[in-house]
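Here's the structure we're looking at; comments come further down.
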Amino acid sequence: MNAAGFPLLSLLTFLPLVGAGVLLFIRGEEAVVAANARWTALWTSLIVFGLSLILWFAFDKSTADYQFVEQLAWMPDFGLEYHMGVDGISVLFVLLATLLTPICILASWEAVQTRVREYMIAFLVLEAMMVGMFSSLDILMFYIFFEGVLIPMFLIIGVWGGARRVYAAYKLFLYTLLGSLLMLLAILTLWYMAGTTSIPALMRLQIAPSLQVWLFLAFFASFAVKVPMWPVHTWLPDAHVEAPTAGSVILAGVLLKMGAYGFLRFSLPLLPQATEWFAPFIFALSIVAIIYTSLVAMAQEDMKKLIAYSSVAHMGIVTLGIFALNHQGISGAIFQMLSHGVVSGALFLCVGVVYDRVHSREIARYGGVAKVMPSYAIVFMLFTMASIGLPGLAGFPGEMLVIVGAWRANPWVALLGATGMVLGAAYMLWLYRRVLFSRISKDEIRALLDLSPREYVTFAPLILLTLWMGLYPSSFFSFFEVSVSALLQRHEAAMALPRMAGM
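Quick look at the structure:
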C-alpha cells in the first residue's frame with residue numbers, strides 16, 4: 001500500500017476490467033447495446049484517467065524510490081508476490097495510457113458500428129494491461145501484463161481492421177511470440193538465481209558478465225520487436241495500415257514504448273556489462289532504422305503507412321538516447337517517448353478524420369483539403385510541425401537532448417542520427433502539401449465537412465499537451481530527473497565492480 005493505505009495502482013489497473021465486466025451484462029436491441037457500451041466505456045476510462053491524475057499531483061519528485069507501493073504475498077513459498085509501484089520513469093507512462101484510452105474511445109464513436117460492445121471491452125482490457133505493465137514491480141507480473149497487451153490488440157486489428165486484417169494480426173502475433181518465449185526463459189533464470197521475482201530485489205543481484213550476455217540477448221529479442229527496431233519492424237506498417245484508427249493511436253502512442261521501457265527497467269540496471277558491450281550494436285541498428293525507414297516513408301502513398309515508418313525512425317532516436325548511457329541521452333529518450341506518444345497518436349487521428357469521410361488513405365486521393373477544412377488544416381499542421389521537431393512544440397526537447405547525449409557518446413553517431421530530423425521534415429511536409437494544398441480535383445473532396453464538435457474534443461487535450469511539452473518541458477523532466485540519475489549511478493557502480501576486481 002502507499003502511505004495513505006489506498007491501493008491506487010490496483011484500482012487503476014483493475015477498474016477497466018470492472019467496466020468490461022459491466023459491458024457483458026448489457027442487454028437490449030443492438031442500437032441500445034452499442035450506445036450503452038460506448039458511454040459505459042467512456043465513463044470508465046474517464047474515471048480511470050481522473051484517478052491517475054492523483055499520481056501527477058501526489059508524486060514526490062525529489063526521490064528515486066518507488067511510490068504508491070502495494071505489496072501482498074501471493075505464493076511466498078516460491079518467492080512470488082503481488083507487487084506494484086511507480087517511479088519517475090514509469091509514472092508518466094501510466095498517465096499517457098490512461099489519457100489515450102478515452103481519446104481512442106471517442107475517436108471510435110462513429111467509426112465502429114459492428115460489435116461495438118466487444119470492441120469497447122477489448123479497449124478496456126487493453127487499458128488494464130498497459131497500466132498493469134507500467135506499474136508492476138514483480139518481473140513475472142510484468143511479463144503477464146507485457147504479453148497480455150497482445151490479446152486485445154490482436155482482436156482489435158483482426159476483427160475491426162481493414163481488408164488484410166487477419167494477415168496483419170497474425171504477423172503481429174508471430175513476430176512477438178519467439179521473443180516473448182526467450183524473455184520468459186531469461187525471467188525463469190533470474191527467478192532461479194535470486195529465489196524471488198521482485199524487481200527491486202533482482203536489481204541487487206550480481207550476475208556474471210558471461211551470463212549477462214545471454215540474458216541481454218533474451219530480453220533484447222522481445223524488446224526489439226516491441227520497439228520495433230530494424231530489421232524486426234516489418235510487422236508495424238501492416239498492423240497500422242489494417243488497424244482501425246483508434247487501434248493505430250494506442251499502438252503508436254503506448255505499445256511501441258513498452259520495448260524501450262523494458263530496456264530502461266531491466267537491461268541497463270540489471271545487465272550493465274552486457275549493455276556496454278552491445279551499445280555499439282544498438283547504435284548501428286538505430287542509425288539504420290532512422291535513415292532507412294525515413295527514406296522508405298518518403299516513398300509511401302498510404303498516409304498511415306508513412307506515419308508508421310516515421311514511428312520506426314522516431315523510436316530509433318529513442319534507442320539511440322537510451323544506449324548513449326548518459327543523463328542527456330536517457331532523459332531525452334524518455335521525453336521523446338512521451339512526446340511521440342502524443343504526436344504520433346494525434347497524426348493517426350488526423351488520418352482517421354479524412355478516412356472516415358472519403359474512406360481512402362491513399363495520398364493521391366486527396367488534394368486541397370485545407371480549402372474546405374481549414375480548422376482541420378491548422379490541427380494537422382500543428383502535429384506535423386511537432387513531428388519534425390519544431391522548437392516550441394513537443395517533438396523538439398527530446399530529440400535535441402538525445403542528439404546531445406549521443407554526441408557525448410560518439411559524435412559520428414550523433415551526426416548520423418540527426419539526419420532523421422532532416423528526412424523527417426522532408427516526408428512530413430511532402431505529406432502535408434499533397435493532402436492539404438494540392439489542387440482540388442474531386443467532388444468528394446469539395447463536399448468534405450470540417451471538424452465536428454466530437455473531433456474538437458478529441459484533439460483538444462493532445463493540442464494542449466503538444467504545446468505544454470514544447471513550451472514548458474521542465475515540468476515533465478522534473479518527474480524522472482532523479483530516477484534517471486539513480487539509474488546511471490547504479491549502472492556506473494555496477495561497471496566499477498569488474499574494474500576493481502581486476503586491480
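Position 155 of the sequence shown, counted from 1, bears residue number 155 in UniProt numbering, the numbering being contiguous throughout.
Even for Gly, the Cβ is constructed at its ideal location relative to N, Cα and C.
- Its Cα nearest to that of residue 192, the residue 78 stands out among 346, 78, 51 and 494.
- Annotation for residue 85: no alpha helix (DSSP H) segment contains it, though the beta strand (DSSP E) segment containing it runs 80–86.
- A contact between stretches requires three or more CB pairs, one per stretch, nearer than 8 Å, and the region 205–216 meets this requirement with the region 269–277.
- Residue 273 carries a helical assignment under DSSP once its states are collapsed to helix, strand and coil.
- For the pair of segments examined, the region 325–339 was found not to touch the region 299–313: the number of CB pairs separated by less than 8 Å stays below three.
- Under the DSSP assignment, residue 249 falls outside any beta strand (DSSP E), being part of the alpha helix (DSSP H) whose first and last residues are 245–250.
- In the structure shown, residue 149 adopts coil according to DSSP, grouped into three states.
- Within the model, the alpha-carbon separation for residue 166 versus residue 356 is close to 21 Å.
- Between residue 403 and residue 386, the C-beta spacing is not below 8 Å.
- Taking the CA atoms as reference points, residue 187 sits about 21 Å from residue 277.
- Counting along the chain, residue 134 sits inside the alpha helix (DSSP H) bounded by residues 116–135.
- Close CB contacts of residue 423 within its chain, under the 6 Å cut and outside five residues either way in sequence, are with 294 (chain order).
- Look at residue 69 here: in three-state DSSP terms it is strand.
- Take residue 63, set aside five residues on each side of it, and the residues of its chain with a beta-carbon closer than 7 Å to its own are 482, in chain order.
- Within 10 angstroms of the beta-carbon of residue 72 lie fewer than 16 other beta-carbons, which makes it exposed.
- Rounded to whole angstroms, residue 93 and residue 240 show a C-alpha spacing of 21 Å.
- In the DSSP annotation of this structure, residue 392 is not part of any alpha helix (DSSP H), being labelled neither H nor E.
- Annotation: the continuous alpha helix (DSSP H) that includes residue 427 extends over 411–432.
- Counting the other Cβ atoms within 10 Å of the Cβ of residue 161 gives 16 or more, which makes it buried.
- Nearest neighbour of residue 458 by Cα position, chosen from 102, 12 and 28, turns out to be 102.
- By alpha-carbon distance to residue 328, the top candidate from 349, 350 and 398 is 398.
- Listed in chain order, the non-local C-beta contacts of residue 25 below 7 Å within the same chain number zero, local neighbours out to five positions each way being set aside.
- DSSP places residue 62 outside both helix and strand once states are collapsed to three, so it counts as coil.
- Buried is the label assigned to residue 127, since at least 16 other Cβ atoms lie within 10 Å of its Cβ.
- In this structure, residue 304 and residue 344 do not form a Cβ contact; the two beta carbons are roughly 11 Å apart against a cut-off of 8 Å.
- In this structure residue 470 touches residue 394 by the C-beta definition: roughly 5 Å separates them, less than 8 Å.
- When DSSP states are grouped into helix, strand and coil, residue 385 belongs to the helix group.
- Burial state of residue 32 is exposed, judged by a 10 Å Cβ sphere holding fewer than 16 other Cβ atoms.
- In this model, residue 473 and residue 331 are separated by some 11 Å (Cα to Cα).
- The straight-line gap separating the alpha-carbon atoms of residue 199 and residue 171 is approximately 31 Å.
- When secondary structure is reduced to three states using DSSP, residue 90 falls in the coil class, being assigned neither helix nor strand.
- Taking 4 residues as the shortest admissible run, the region 153–220 contains the following complete alpha helix (DSSP H) segments, listed from N- to C-terminal end: 165–194 and 199–202.
- Measuring C-alpha to C-alpha distances from residue 245 to each of 366, 112, 203 and 19 identifies 112 as the nearest.
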